[in-house]
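Participant:
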Amino acid sequence: ARITGKAAELLRRENKKYALSTQCIGLGQGIATVLETVN
């Protein structure tokens with residue numbers, strides 16, 4: 001949640017359209033999240 005929250009904060013602060021958050025969960029698992037600004 002912290003990494004995705006930081007990506008959302010930077011997305012808003014820098015007025016960008018997309019942000020990508022990637023996270024290693026362990027044991028070969030991972031997740032990626034794409035955030036998009038909607039006006």
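So the sequence shown is residues 1 to 39, counted in the UniProt record's numbering.
Quick reminder that beta carbons are idealized off the backbone N, C-alpha and C, glycines included.
1) For the beta strand (DSSP E) containing Leu-35, name the first residue and the last one.
2) Is it buried or exposed for Ala-1, if we count other Cβ within 10 angstroms and need 16 for buried?
3) With Ala-19 as the anchor, note down where its alpha helix (DSSP H) starts and where it stops.
4) Are there 16 or more other CB atoms within 10 angstroms of the CB of Ala-19, so buried, or fewer, so exposed?
Facilitator: According to the structure data:
1) 29-36
2) When all chains shown are included, Ala-1 counts as exposed.
3) Note, Ala-19: premise wrong, no alpha helix (DSSP H); beta strand (DSSP E) at 18-26.
4) buried
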